[in-house]
Every structure is written in structure tokens, then in C-alpha cells.
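Using my numbering, you'd call the opening residue of the sequence shown number 1 and step up by one each time. First the structure, in the form of C-alpha cells, and then the observations on it.
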Amino acid sequence: MSLISTKEMLIKAQEEGYAVPAFNIHNLETIQVVLDAARDLKSPVILAATPSTVKYADENYLLAIIEKASEINNIPLTFHLDHHENVEDIKRIIKLGCKSVMIDASKYEFRKNVEIVKDIVDYAHKYGATVEAELGKLGGVEDDLKVDEKDSFLTDPNEAVEFVKATGVDSLAVAIGTAHGLYKSEPKLDFDRLEKIRSMVDIPLVLHGASGVPYDAVQNAIEKGICKVNIATELKIPFSNAIKEYFNENPNASDPRQYLVPAKKAMYDVVVEKIKMCKSENKVYQCSYNL
Ligand code: 13P
1 MSLISTKEML IKAQEEGYAV PAFNIHNLET IQVVLDAARD LKSPVILAAT PSTVKYADEN
61 YLLAIIEKAS EINNIPLTFH LDHHENVEDI KRIIKLGCKS VMIDASKYEF RKNVEIVKDI
121 VDYAHKYGAT VEAELGKLGG VEDDLKVDEK DSFLTDPNEA VEFVKATGVD SLAVAIGTAH
181 GLYKSEPKLD FDRLEKIRSM VDIPLVLHGA SGVPYDAVQN AIEKGICKVN IATELKIPFS
241 NAIKEYFNEN PNASDPRQYL VPAKKAMYDV VVEKIKMCKS ENKVYQCSYN L
């Protein structure tokens, strides 16, 4: 079993009306948690790494761990570069075997975004890798990526059509009212906009910033055409809270094999809940790439 692109898994999800959850991982433990839940619930999953995760954990370790994990669990896995902006880094990591990348050039104006994305698409496709790009701009904080609310804007459906045609991109992250990180108040998603984009664009659509979005709203977005849902913040918080709690109760503890156990359990519970929210449970074995 080796690493796979998102092509077939997202098309399958799109056809069948569920979403593949993309969980942001940071290290061996968080990879193990996502894998345990994916195996227990027989769900396809995407393991996503932001540039700061790649910098922290090293792409060679990440690729090796995930590839081995796929083999051990007999589960097809996607290691996905999330919100990468550096074209040379993306190309280098594709060459190392990564089959799924997001080039985020959404900070640039439309033409420049198209130009950068097209360059990566042309390169990635030669290596059998799929490419996600963002049109519109999500606000909020995702690791080193910080976008002020005033600089965020929603995806224009007409531009989406032109963008997809001009870039040949495989999936599109749409801005429909979500933001990265924690919300100050409940987010209001623009479902009409999503429906319009879905009716005009036929590639898989991606929802970023799903932490803190009510379960029903995410499921509504899935019904209206989202087939990849990104979750990061809601995993980090229970993981770190469980460690804090462990140290409160055991101030002299020092063994990571002990204090990381409750952290992994707390994160596992959220991953399970999110897989159920995405309705991807039991979907892994429907995919021909798996067996
Ligand atoms: P959250 O941190 O809001 O869950 O967003 C995750 C995300 O969109 C990663 O790309």
C-alpha cells in the first residue's frame, strides 16, 4: 500500500454525497490517532500538514511514517500539503512521493493566483499528484497563515468557473463564510453561494475552517456539494487540554508515554465525531483503490 492522491477518493465522495475529512497532523502521535479512528470506522481520511508542520516534523519523516502506517493498517492514505505557498517546497515534496497538495495563492489577485496554481498543476500531474487551490479568501488563523477579517472575501461563482478552466486544478477550496481557528460567534454559511458554485463547477469542493462550525451546517454544506472538510483547531485543543489536565493531576509526571495517552484519547474522540459528521464511516472499502 502506498500513498494515494485525492482524485478518486474525492470524486467518489462527491458522487455519493459524503465528505472525506482532512485532519491536520503534527507528529507521530497525531498521525496514529487519525489512523486508529480511520481504521476503526473504516473511513477514508486525508492527513494534512501545513508548512509549519513540515518544518517542525520534516517531510521525510512524515512521508515515511504515513506510508508505513498505510501498509500496516491496509488503508489507503493521502498525505496532503495544506496551505502551502512556496512553489519550490511543493515541487520538492511531490518529488519525494507526496501525491496531494494545496497551493494557496489566494492572497494574490485573480490572474496571479491562476498563474501560480497552473504552474503547480502542470508539475503535479506529471507525478500523478492532485492539486487543491483556494479562490476567495478565508479569514482567521491557521498556524503561520493569518488573515484579517477585513481582508477576507467570499468566492465569486463566475470567477470559480474561469479559475477551474484556466488552471486545471483538481479541487477547489471555497470561501462561503467559514474562517480558520476559533469563531467569536457562530459562523453563518452562504449556502446559496455554495449551491451556485456547485451548479457551475464540477470538480470537488473543499470546506476549510470546519472547527467550530455546527454539525448541521457542515452536513448541509456536504449535501450542497462539499466533499472534503478540513479540521485542525478542534483537534489541537482537546489534545493539549488533556495534557494540561494530566499535569495538574500529576505535577511530577515526565513520561511522554503516559501524559500523551489521555491526549491521544481526547483527540481520537473528536476525530471519530468528525468522521461521523462527514458521513464517511464505512466508505473506505467502497473505493476501488483500496483493495
Ligand atoms: P480549522 O483550524 O478552523 O479547523 O481549519 C482547518 C483548515 O481549514 C485547515 O486547512
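Just so it is clear, CB atoms sit at the ideal spot from N, CA and C, and this is done for glycine as well.
Check                                                                                                  : Outcome
Under the three-state DSSP convention, the category C227 falls into                                    : strand
Sequence-distant residues of its chain with Cβ nearer than 6 Å to C227 (five each side left out)       : L10, A13, Q14, A19 and P204
DSSP three-state assignment for P21, whether helix, strand or coil                                     : strand
Classification of E88 by the beta-carbon crowding that lies within 10 angstroms, buried from 16 upward : exposed
DSSP bridge partner residues for G140 (one or two, in chain order)                                     : V147 and H180
Beta bridge counterpart(s) of L194 as assigned by DSSP                                                 : Note: L194 sits in no beta bridge, so no partner.
Cross-strand partners of I75 (DSSP beta bridge)                                                        : DSSP lists no partner for I75.
Cβ-heavy atom distance, S106 to ligand 1, below 7 Å                                                    : no
Three CB pairs or more closer than 8 Å across the segment 108-117 and the segment 46-63                : no
Residues near ligand 1, criterion Cβ-heavy atom distance below 6 Å                                     : N24, D82, H83, E142, H180, G181, H208, G209, A210, S211, N230, I231, A232, T233 and E234
For A49, the three-state DSSP class (helix, strand or coil)                                            : strand
3 or more residues per run - each beta strand (DSSP E) lying fully within the segment 78-117           : 78-84 and 100-103
Buried or exposed (CB count within 10 angstroms, at least 16 for buried), D269                         : exposed
Reduced DSSP secondary structure (H/G/I, E/B, other) of T6                                             : coil
Under the three-state DSSP convention, the category E186 falls into                                    : coil
Reference V161; option with closest CA among S211, K68, A253 and V174                                  : V174
Spatial distance of D170 from V45 (CA atoms)                                                           : 17 Å
L135, DSSP secondary structure in three states                                                         : strand
Span of the alpha helix (DSSP H) around I154                                                           : Note that residue 154 corresponds to Leu in the displayed sequence, not to Ile. From DSSP, L154 is part of no alpha helix (DSSP H); its letter is neither H nor E.
Residue burial classification, D202 (beta-carbon count within 10 angstroms, cutoff 16)                 : exposed
Close beta carbons around K264, own chain, < 6 Å, minus the five adjacent residues each side           : E29 and V33
First through last residue of the alpha helix (DSSP H) which encompasses V34                           : L28 to L41
Span of the beta strand (DSSP E), counted from its first residue to its last, around V206              : L205 to L207
Inter-residue spacing [alpha-carbon to alpha-carbon] between N86 and I103                              : 8 Å
Where S280 falls, given that 16 or more other Cβ within 10 Å makes a residue buried                    : buried
Pair within 8 Å by beta-carbon distance, F232 and P262                                                 : Sequence inspection shows Ala at residue 232; the Phe mentioned does not correspond to that position. Taking 8 Å as the Cβ cut-off, A232 and P262 do not qualify as a contacting pair.
Inter-residue Cα distance where the pair is I72 and E159                                               : 43 Å
Whole-angstrom distance between D192 and A179, CA atom to CA atom                                      : 18 Å
For A266 and K276, the rounded distance between their alpha carbons                                    : 16 Å
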